[in-house]
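Visitor: Dropping the structure in here first, questions after.
Numbering (this note's numbering), first residue to last: 1 to 171.
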């Protein structure tokens, strides 16, 4: 008998919403309570600690999320209050590109310079009849060494979204 359990994707592996390996189940909803704006020349707007931010403003060492649209525009794009259904969840790992500068420098004793700095997270692919250009929300955990980095927990995702967006888990 052949089992392909590695191909299956479990979502809620624990009832503890602070556990970092719980993915929001497919069918969960993101309820956008306040309008969010996407600046001209970009396709994303970031949320952290319940505040909207630009790419250059958020703290990469704390959980954060971003809305992403499919169309690039020279004008401000608005995402209006709406209920978005999560239709797919995709795991994400992003590595920081290291500076090729090889000059000697001081490095903390516990830091391994050969270990990449990464962030783990999730692409939450969305569906909305009213706003089909809103593609997804991506949520990431804090940047850290590969051995210590974790994806954001449900609690951390909710903290990043604040009162701007409510995450309603499917049961």
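Ideal Cβ positions, reconstructed from N, Cα and C, are used throughout, including at glycine. Since this is a predicted model, take the numbers as computed values, not measurements.
(1) Per the contact definition of three or more C-beta pairs closer than 8 Å, is the segment 58 to 68 in contact with the segment 138 to 151?
(2) Considering only the beta carbon of each residue, do residue 157 and residue 52 sit closer than 8 Å?
(3) When burial is assigned at 16 or more other CB atoms within 10 Å of the CB, is residue 105 buried or exposed?
(4) Can you find at least 3 beta carbon pairs, one from the segment 147 to 161 and one from the segment 15 to 35, that sit closer than 8 Å?
(5) So which of 33, 119, 72 and 168 has the shortest CA-CA distance to residue 50?
(6) Express the C-alpha separation of residue 72 and residue 38 in angstroms, rounding to a whole number.
(7) Report the partner residues of residue 86 according to the DSSP bridge assignment.
(8) Helix, strand or coil for residue 155? Go by DSSP, reduced to three states.
(9) Just to confirm before moving on: does the CB-CB distance between residue 31 and residue 166 stay below 8 Å?
(10) Once DSSP output is grouped into helix, strand and coil, what is the label at residue 37?
(11) Kindly indicate the opening and closing residues of the beta strand (DSSP E) around residue 165.
Guide: With the given structure in hand:
(1) yes
(2) As a position in the chain shown, residue 157 is number 157, starting the count at 1. As a position in the chain shown, residue 52 is number 52, starting the count at 1. No; because the gap between Cβ atoms is not below 8 Å, this pair is not in contact.
(3) As a working note, residue 105 is residue 105 in the chain shown. Because residue 105 carries a pLDDT of 47, less than 50, the predicted location of this residue cannot be relied on, and no value is offered for it.
(4) yes
(5) Taking the first residue of the chain shown as position 1, residue 50 is located at position 50. Nearest option by C-alpha distance: 33.
(6) Taking the chain shown and counting its residues from 1, the one referred to as residue 38 is at position 38. Taking the chain shown and counting its residues from 1, the one referred to as residue 72 is at position 72. Cα to Cα, residue 38 sits roughly 10 Å from residue 72.
(7) One-based indexing of the chain shown puts residue 86 at position 86. In the DSSP output, where bridge partners are listed per residue, residue 86 has 126.
(8) Locating residue 155 in the chain shown gives position 155, where the first residue counts as 1. Residue 155: helix per DSSP, three-state reduction.
(9) Mapped onto the chain shown, residue 31 falls at position 31. Mapped onto the chain shown, residue 166 falls at position 166. Cβ atoms of residue 31 and residue 166: closer than 8 Å.
(10) Along the chain shown, read from residue 1 onward, the residue named residue 37 stands at position 37. It is a strand residue.
(11) Residue 165 sits at position 165 when you count from the first residue of the chain shown. 165 to 168 is the span of the beta strand (DSSP E), which, as asked, contains residue 165.
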